[in-house]
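Everything in the sequence shown is counted per our numbering, starting at 77 for the first residue and increasing by one. Note that CB positions come from ideal geometry on N, CA and C, so glycine has one too. Computed from a prediction, not measured in an experiment: that's the story for all the values here. Here's the structure, in structure tokens; my notes come after.
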Amino acid sequence: MKTAIDVQLATRLINSGPLLLVGTRCADWFSMAPIAWSMPGSKKPPTIFLTVGTHHATWDNMVKKGVFSCNVVSPSLIRAVAFLGAHSGKNMDKMTALGLPYSLGPLLEMPLLNDAPAAFECEVLTLDPKTSLVQGVIVSAFADSRWFQERWLVERGFAPVHHLGGDAYQVGAEVVRQPLLQDPPDLREDLSVS
Ligand SMILES: Cc1cc2nc3c(=O)[nH]c(=O)nc-3n(C[C@H](O)[C@H](O)[C@H](O)COP(=O)(O)O)c2cc1C
77 MKTAIDVQLA
87 TRLINSGPLL
97 LVGTRCADWF
107 SMAPIAWSMP
117 GSKKPPTIFL
127 TVGTHHATWD
137 NMVKKGVFSC
147 NVVSPSLIRA
157 VAFLGAHSGK
167 NMDKMTALGL
177 PYSLGPLLEM
187 PLLNDAPAAF
197 ECEVLTLDPK
207 TSLVQGVIVS
217 AFADSRWFQE
227 RWLVERGFAP
237 VHHLGGDAYQ
247 VGAEVVRQPL
257 LQDPPDLRED
267 LSVS
């Protein structure tokens, strides 16, 4: 039998998309922020919708530059997420502080994380400040063939991380607890690729 829950929690019932680290750039540096709320928009062209708070540096950078990248979060990136989600790129070069290795995408020169099992570059199609919805066209996409061949190969033991809300992250059938981190963590033990 179901019981009533707080409507504020209803979004967590459908918050199913894999957690993303969304890369943008401002005048001085590349920035990256965790975004849990995303969904596919269309197949042709391939588009994605993100909900991005209009007070975030990520939103400002998208408005000014019109481009962004999406990096699917692996378990090895959860502590990076906890730092990148605790600070705004308006005040800090978070990527340099963290020392997270990345390369630049071939079409838009947006940051693609070495440790992300999949990443893609997007051009902004629409930005709606009333709803905080960003729609982007995916123009280049990359995936690690150990884990993705036309679909996620979850039978091989890898699954993208999902954010359950608060400090809870779903990794396969496990829940990992990771509070936000004010100081940049030493990622040498976390990352599988450098
Ligand atoms: C796990 C996690 C998921 C998040 N999901 C979202 C989201 O879907 N949309 C959003 O606007 N902010 C989300 N946030 C908050 C932003 O990532 C956070 O405020 C970040 O510091 C914004 O950075 P920026 O100002 O550099 O863009 C999330 C944070 C965490 C830790």
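Item, Value
"Helix, strand or coil for Gly248 per DSSP?", "coil"
"With distances taken Cα to Cα, identify the nearest neighbour of Ala112 among Lys166, Leu267, Val98.", "Val98"
"Between the Cα of Glu197 and those of Asp104, Leu203, Ala219, Arg155, spot the shortest distance and give me the residue it belongs to.", "Ala219"
"Measuring straight from C-alpha to C-alpha, what distance separates Pro121 and Tyr245?", "31 Å"
"Whole angstroms is fine: what's the gap from Trp272's alpha carbon to Ser164's?", "In this structure the chain extends from 77 to 270, so residue 272 is not present and cannot be described."
"What is the DSSP secondary structure of Arg222, reduced to helix, strand or coil?", "coil"
"How far does the beta strand (DSSP E) with Asn91 in it reach, from first residue to last?", "No beta strand (DSSP E) holds Asn91; DSSP gives it neither H nor E."
"Assess, as a yes-or-no matter, whether the region 184-192 is touched by the region 139-157 under the definition of 3 or more beta carbon pairs within less than 8 Å.", "yes"
"I'd like the span of the beta strand (DSSP E) that includes Thr123, first residue to last.", "123-127"
"Closer than 8 Å by C-beta to Phe28: which residues in its own chain qualify, once you throw out the five before and the five after it? Chain order, please.", "Here the chain comprises residues numbered 77 to 270, so residue 28 is not present and cannot be evaluated."
"Exposed or buried, Gly242, counting other C-beta atoms within 10 Å across all chains shown (16 or more means buried)?", "exposed"
"Can you give me the C-alpha to C-alpha distance between Leu229 and Thr130, rounded to a whole angstrom?", "35 Å"
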